[in-house]
Structures are given as structure tokens and as C-alpha cells.
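Reading through the C-alpha cells given below for one structure.
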Amino acid sequence: MKPTLHFLALFLFALPFSGRAAEGETKPDRVPLWPEGQAPNGDGSLDTANAFYTLHRPANPNGAAFVICPGGGYGGLVTGGEGHGIAAWLNGHGITGIVLEYRLPQGRSEVPLLDAQRALRTARFHAKEWGIDPARLGIIGFSAGGHLASTAGTHFDEGDASGADPIERLGCRPDFMILVYPVITMDTSTHGGSRKNLLGPEPSAELVTRFSNEKQVTEKTPPAFLAHAADDKAVVPANSENFHAALVKNGVTSKYLALPSGGHGLNGYKGPMWDAWQAQSIAWLEELGMIPAP
């Protein structure tokens, strides 16, 4: 997909979820992620804005769950095709989907990561209520949302055991990742818009390194499935290739699906390339033992 088409898709899909619930069903609620006025900016200050999540529960849950990070270049959120549509697909496989509407950074580089970490902690806090296994909680992301997902997978902690907030006492390491045409690096080969929106116009070398996730992989990084089209011009495949290589080097389970075509957005979230990563990622989850084989 050409970059201009990706931004057209962003315009078409960035609207909040408004689809009608099926007869007899209740439309999922859009829930604030942080207590009112308590969303942190990462520098000691608090945000008047908030992040939100929407919980999509399957009819026949198997205990696995994903926090879903839509793309949008860190300047918008493609919550349709890369958010609620993904939750519906996951629900069809018995997997709970948690669509994260993370705050847009506007140069506040820690803000999206803080939201993703909070979403993972929140899911673990509500695990029993939501019917999920807190040890089978993954994160999935697309484009810049893939950068956020891979950041959550390389920057995590075990929680603050003495914290006053019970949610913050829980760990935020995802148990597995699925990254689809992800931005990974913040060096010169990155997607320029994502870098500027996340890091600001003139980031320090230290900041670039911190958010170049191929440089942050360790043996504790969770397993990852990556898919990227060879003809992606907006976010070049080297992003996925280098992250996969770093995972393998550190002994982390990783699978890289190199797709022959589809561009950025994989032909608008449809067709054989889109179907391929979905089918193979489900098979990969089965191989990991994160979901039961059919």
C-alpha cells in the first residue's frame, strides 16, 4: 500500500467503534485506562487527557488475550481495521481482544509506552473477571502500533509490589507478541513521521537508542511473530528483519513471515497476504501452547 493510501485508510478507520451490537448482545464499553487526571507523562507531570480500552470478549473463551495497538504513525489511531476488526478476528479463535486507544505522544516519548504497560497490568488485574489467564496475555500491533507493541516487549517491569494502586503492583511484560508491518527502529531507516511524532524533531542519540527496539532485545524478551511485505515502502522490511535477527541472537523464540506483496497495510486488510499472517500467527500460538489446537 502506498503511504498516501495508508493515510486514507487511517482516515476511514480512525473513528471510534460505533458498529451495532448483534441482537441480544451489548456493545463493548470504551473505558478510561487511568483514574481521572492521573495519566502520567513520564516526566513527573500528569495529563488531563486519558487513554481508553475496549474489551471484546469471545463467546467461547480459551483464556488467551491480546492488548491490541492500532497504527497511525503516532499521529492518529486506525482503530477499525487494526483495532476492533482485529478483536473480532481474535474472538473467532476464542481469544479476548483489548483494543487500546493510547494517547498520542506529540513528542512525549514515554506516553504511549506508559499506556501500553498500564493496559497489560489492567488486563492482569481483571483476569479472573474477564476470564483470561494472566500468563497467556500477549500484545499485537500494526505499523506504529507495532513499534509500541515491541517497545512494551522490550521495556517492562515486574510492578511495584508496595504501590498504593493495586494495578501498578502487577507486571507489564507481555507473554508473546504479534507484530505486523511494524516500525521497530528509530534510526534513519525508520518511518519519519512516527519518529518525529514520538521523539520530537531533534531527539538525542540516547533517546533514539532507547526506542530502537532491535537494540533493546534480551533473553527475557517474549516470543514474537512478525509479518512484513517485501514491497512495503512506508515501513521497510528491515525493521522486522533486524528485530527477528536480534531475537534469534538472544535465544528468543521468533518467527518471521516475509510476504511477497501487499505493501503497507497488506492491500487494505484483506486478500491472501492478510489471510496468510492471520492463519500462520494462530498456528504459531498453538505451537507455543498459548491457545489450544482445534
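One gets the numbering used here by counting positions in the sequence shown from 1 and adding 836 to each. Glycine is no exception: its CB is placed at the ideal position from the N, C-alpha and C atoms.
Going by the CB atoms, is the gap between Leu-1015 and Ala-1070 shorter than 8 Å? no
Around the C-beta of Glu-872, are 16 or more other C-beta atoms found within 10 angstroms, so that it is buried, or is it exposed? exposed
Just verifying my parser: in three-state terms, what is the DSSP assignment at Ser-1090? strand
Would you tell me roughly how many angstroms separate the C-alpha atoms of Ala-858 and Pro-894, rounded to the nearest one? With a pLDDT of 45 at Ala-858, under the threshold of 50, the predicted position of this residue should be treated as unreliable, though the coordinate-derived value follows. Each residue's Cα considered, the two are about 13 Å apart.
Secondary structure at Ala-1065, three-state DSSP: helix, strand or coil? strand
Taking all protein chains shown into account, decide if Gln-874 is buried (16 or more other Cβ within 10 angstroms of its Cβ) or exposed. exposed
Under 8 Å between the Cβ atoms of Ala-1081 and Trp-1113? no
Does any residue of chain D bring its CB to less than 8 Å from the CB of Glu-937? Note that chain D does not occur in the displayed structure, where there is just one protein chain.
What are the boundary residues of the alpha helix (DSSP H) that Tyr-1105 is part of? 1102-1105
Are Gly-981 and Glu-918 close, meaning C-beta to C-beta below 8 Å? yes
Let me know if Gly-1107 comes out buried or exposed under the rule of 16 or more other beta-carbons within 10 Å of its beta-carbon. exposed
Taking the alpha-carbon of Gly-943 as reference, which of Asn-1033, Leu-936, Thr-1021 has the nearest alpha-carbon? Asn-1033
Measure the C-alpha to C-alpha separation of Thr-1131 and Ser-1076 and round it to an integer number of angstroms. As displayed, the chain neither begins before 837 nor continues past 1130, which places residue 1131 out of reach and without an answer.
Expected contact under 8 Å - CB spacing of His-962 and Ile-1127 to nearest Å: In fact, because the Cβ distance is near 20 Å, the residues do not count as touching under 8 Å.
Unbroken beta strand (DSSP E) run spanning Ala-901, endpoints: 901-905
Just grab the DSSP bridge partners of Asp-883 for me. Ala-875
Between Val-1084 and the rest of its own chain, which residues show a CB-CB distance below 7 Å, the 5 nearest in sequence each way excluded? Ser-1090
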